[in-house]
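Just add 58 to wherever you are in the sequence shown, counting from 1, and you've got my numbering.
Single-structure report; data block below.
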Amino acid sequence: MRMRRKKHREDRIENCREYLAGNVDDFRNDFKSIFDNKDNEIHIEIGCGKGKFICEMAERNPHINYIAIEKNLDVLVLAMEKVKEKGLNNVKFVPGDANFLNDAEPKDKCDRIYINFCDPWKKTYQAKRRLTHERFLSIYSKILKSGGEIHFKTDNKDLFEFSLNSFSDYGLRLKNITLDLHQSKFEGNVMTEYETLFSGQGMPIYRCEAIFK
């Protein structure tokens, strides 16, 4: 269901401008330049939604800088307001989608990418639009360090199976694979809004980590 346009959206985004990454062209090749603490490692979330996950991750890990990408401005503004309310200084937002990373060639590559509950694009002909398709993996490979990781969560079993095959075919090493995250022994999980909803309905959450060599 499409979210209704937020009242005064542009004004609210402007009010949180210090949390925008700024001119994308200026930092595509230098992710660290947009943060005050340039010694921190960089983690990126693609599709941050309303910001529950990125906000809690940033609170827990002040030694890590986070870049949150979100194309829907009506949820982006909510995420920005959450971060501003908590006064976090290790999060920056990019309005857009994963394709923004296609032209990035950062001199200091990032350590981790989070993909949480992305659109499964269920039709076979839509496979190339899935964020775990090899088309996107080739983009991630340009911005992740050797040994960099993709942390992936979904409620969609078919997408999860597709993603495991896609990661494997691309030559990534898989670890911490679980078919029911909340019934597993995995520690330190931070939930998204969707995850809270789906797990509350008793739905299993699928999770894995894929490591670039």
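Glycine included, each C-beta is placed from N, C-alpha and C at the ideal position.
Taking just the CA atoms, how far does residue j sit from residue i?
i, j, result
"residue 120", "residue 248", "15 Å"
"residue 256", "residue 193", "28 Å"
"residue 135", "residue 161", "25 Å"
"residue 264", "residue 214", "8 Å"
"residue 165", "residue 93", "15 Å"
"residue 59", "residue 131", "The pLDDT assigned to residue 59 is 45, lower than 50, so where the model puts this residue is not dependable, and the model offers no usable value."
"residue 68", "residue 133", "12 Å"
"residue 224", "residue 105", "20 Å"
"residue 91", "residue 158", "17 Å"
"residue 86", "residue 206", "18 Å"
"residue 70", "residue 226", "42 Å"
"residue 241", "residue 262", "8 Å"
"residue 243", "residue 237", "12 Å"
"residue 204", "residue 177", "27 Å"
"residue 96", "residue 122", "10 Å"
"residue 219", "residue 191", "12 Å"
"residue 117", "residue 72", "23 Å"
"residue 153", "residue 81", "11 Å"
"residue 64", "residue 142", "18 Å"
Is residue i helix, strand or coil by DSSP?
i, result
"residue 73", "helix"
"residue 155", "coil"
"residue 204", "strand"
"residue 250", "coil"
"residue 121", "coil"
"residue 232", "strand"
"residue 147", "coil"
"residue 66", "coil"
"residue 116", "helix"
"residue 101", "strand"
"residue 191", "coil"
"residue 211", "strand"
Assuming residue i and residue j form a contact by the criterion Cβ under 8 Å, report the distance between their Cβ atoms to the nearest whole angstrom.
i, j, result
"residue 208", "residue 235", "With 8 Å as the limit, residue 208 and residue 235 do not qualify as a contact, their Cβ atoms being about 13 Å apart."
"residue 156", "residue 127", "7 Å"
"residue 230", "residue 185", "Between residue 185 and residue 230 the Cβ distance is about 17 Å, and since that is not below 8 Å, they are no contact."
"residue 109", "residue 140", "5 Å"
Cutting at 7 Å between CB atoms, please list the residues of its own chain near residue i, excluding the five before and the five after it.
i, result
"residue 199", "270"
"residue 175", "211, 212, 213, 250, 252, 253"
"residue 266", "210, 222, 232, 234, 235"
"residue 66", "none"
Take residue i and list the residues in its own chain whose beta-carbon comes closer than 8 Å to its own, dropping the five residues that flank it on each side.
i, result
"residue 88", "164, 165, 166"
"residue 260", "none"
Leaving out the 5 sequence neighbours to the left and right, which residues in its chain are closer than 6 Å to residue i when beta-carbon positions are compared?
i, result
"residue 138", "74, 77, 151"
"residue 188", "179"
Can you determine whether any heavy atom of the ligand NAD sits closer than 7 Å to the C-beta of residue i, and answer yes or no?
i, result
"residue 153", "Questions concerning the ligand NAD fall outside what the structure shown contains, since it holds no ligand whatsoever."
task = Would you be able to state if there are at least three C-beta pairs under 8 Å between the stretch 133 to 150 and the stretch 111 to 124?
result = The stretch 111 to 124 makes contact with the stretch 133 to 150: 3 or more CB pairs, one atom from each, lie closer than 8 Å.
message = Would the stretch 245 to 265 count as touching the stretch 181 to 188 if we require 3 or more Cβ pairs under 8 Å?
response = No, because fewer than three Cβ pairs between the stretch 245 to 265 and the stretch 181 to 188 fall closer than 8 Å, the two stretches do not touch.
request  = Taking 8 Å as the threshold, find out whether the stretch 94 to 110 comes into contact with the stretch 162 to 176 through three or more Cβ pairs.
outcome  = Segments in contact, yes.
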